[in-house]
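Asker: My structure is below; once you've seen it, I'll send some questions.
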Amino acid sequence: MGRRKIEIEIVKDPNTRQVTFSKRRTGLFKKANELSILCGAEVAIVVFSPGDRPYSFGHPGVDVVAAKYLQQEADASDSQGNPSSNAPKMEKLNLKLAEILTQIREGERQAENHDEILKENDVTKLSELKELRDSYKELQDWVKLRLSDIEISEYMMLLAQEPVVGIKAKSAKRKRRRN
1 MGRRKIEIEI
11 VKDPNTRQVT
21 FSKRRTGLFK
31 KANELSILCG
41 AEVAIVVFSP
51 GDRPYSFGHP
61 GVDVVAAKYL
71 QQEADASDSQ
81 GNPSSNAPKM
91 EKLNLKLAEI
101 LTQIREGERQ
111 AENHDEILKE
121 NDVTKLSELK
131 ELRDSYKELQ
141 DWVKLRLSDI
151 EISEYMMLLA
161 QEPVVGIKAK
171 SAKRKRRRN
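Below, the structure is given as structure tokens:
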């Protein structure tokens, strides 16, 4: 028993229609892949499911094949002397695209410059901060040392002005004992 021949008409049941679409879509994409491999053809297929979901297959890619096709169509219409109704629109769009691409490149250059500046400043700021921290610590140590020097000087001045009574008396007793 071989395959049955089916009539080509719309499948009425929505679930069956979706299943049939999925299976046939897979088969169609397989055949397109085989054609591209065996013959070296560039293939692009775009199908919309019954639920309006797009599916595509392309070798080397749908965008590449579509761009090549559209370019050939534009060249063919221009070379025959028939002005294409889309040619002025396409030219305007291409100019806008070129403008936008230029702006994007300029923005990328500015971003790179900003990144470099940030990197340089971060490194500089970090090293400057480390230097500042170290010099701050040195300054703290120097101030502490000077404060202790000032305290000692203050005590010495106090002692010079008013000697401690007990110290002289003790030293006098020691001198008497030695004699």
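Position 55 (the sequence shown) corresponds to 55 in UniProt numbering; numbering is contiguous.
Just so you know, even glycine gets a beta-carbon here, dropped at the ideal spot from N, CA and C.
The model shown is predicted, which means the values in this text are computed figures rather than measured ones.
Apply the 10 Å Cβ neighbour rule to Val64 and answer buried if 16 or more other Cβ atoms are within range, or exposed otherwise.
Answerer: Counting from one through the sequence shown, the residue named residue 64 turns up at place 64. Looking at its Cβ environment, which holds fewer than 16 other Cβ atoms inside 10 Å, Val64 is exposed.
Asker: Going by CA-CA distance only, name the one from Ser153, Gln18, Glu108 and Lys89 that's closest to Asp52.
Answerer: Position 52 of the sequence shown holds residue 52. Per the Cα distances, Gln18.
Asker: Note down the Cα distance separating Leu126 from Lys137, rounded to an integer number of angstroms.
Answerer: Here residue 126 is taken as the residue at index 126 of the sequence shown, counted from 1. Here residue 137 is taken as the residue at index 137 of the sequence shown, counted from 1. Those two C-alpha atoms are separated by around 16 Å.
Asker: Please classify Phe57 as buried or exposed, where buried requires at least 16 other C-beta atoms within 10 Å of its C-beta.
Answerer: Position 57 of the sequence shown holds residue 57. Per the 10 Å Cβ criterion, buried.
Asker: State the beta-bridge partners of Gly58 as determined by DSSP.
Answerer: For the purposes of this step, residue 58 is identified with residue 58 of the sequence shown, where counting begins at 1. Ala44.
Asker: By the DSSP assignment, the alpha helix (DSSP H) with Gly27 in it spans what residues?
Answerer: Residue mapping note: residue 27 aligns to position 27 of the sequence shown, counting from 1. Pro14 to Cys39 is the extent of the alpha helix (DSSP H) around Gly27.
Asker: Using only CA atoms, which one of Ile100, Lys119, Glu131 and Leu70 lies nearest to Ala87?
Answerer: Counted from its first residue, the sequence shown places residue 87 at position 87. That would be Leu70, whose Cα lies nearest to the Cα of Ala87.
Asker: Here's the rule I'm using: 16 or more other beta-carbon atoms within 10 Å means buried, otherwise exposed. How should Ala98 be labelled?
Answerer: By 1-based counting over the sequence shown, the position of residue 98 is 98. So Ala98 ends up on the exposed side.
Asker: How big is the Cα-Cα spacing for Arg146 and Glu131?
Answerer: Reading the sequence shown from its first residue, position 146 is the one you call residue 146. Reading the sequence shown from its first residue, position 131 is the one you call residue 131. Going by the C-alpha atoms only, they are around 22 Å apart.
Asker: I need the straight-line Cα distance from Glu42 to Glu116, nearest angstrom please.
Answerer: Here the question's residue 42 lines up with position 42 in the sequence shown. Here the question's residue 116 lines up with position 116 in the sequence shown. Approximately 44 Å between the Cα atoms of the pair.
Asker: Quick check: Ile45 and Leu28, are their CB atoms within less than 8 Å of each other?
Answerer: Reading the sequence shown from its first residue, position 45 is the one you call residue 45. Reading the sequence shown from its first residue, position 28 is the one you call residue 28. Closer than 8 Å, so yes.
Asker: Secondary structure at Gly2, three-state DSSP: helix, strand or coil?
Answerer: As a position in the sequence shown, residue 2 is number 2, starting the count at 1. Coil.
Asker: In angstroms, rounded to a whole number, what distance separates the CA positions of Leu101 and Asp75?
Answerer: Here residue 101 refers to the residue found at position 101 when the sequence shown is read from its first residue. Here residue 75 refers to the residue found at position 75 when the sequence shown is read from its first residue. Using only the alpha carbons, I get a separation of about 24 Å.
Asker: Looking only at its chain, what residues have a beta carbon closer than 8 Å to the beta carbon of residue 200, apart from the 5 residues adjacent to it on each side?
Answerer: Because the chain spans 1 through 179 in this model, residue 200 falls outside it and cannot be assessed.
Asker: Could you check the C-alpha separation between Glu34 and Gln103 for me, to the nearest Å?
Answerer: Residue mapping note: residue 34 aligns to position 34 of the sequence shown, counting from 1. Residue mapping note: residue 103 aligns to position 103 of the sequence shown, counting from 1. Cα to Cα, the separation comes out at about 42 Å.
Asker: According to the Cβ coordinates, are His59 and Ser36 closer than 8 Å?
Answerer: Along the sequence shown, read from residue 1 onward, the residue named residue 59 stands at position 59. Along the sequence shown, read from residue 1 onward, the residue named residue 36 stands at position 36. For His59 and Ser36, yes; Cβs fall inside 8 Å.
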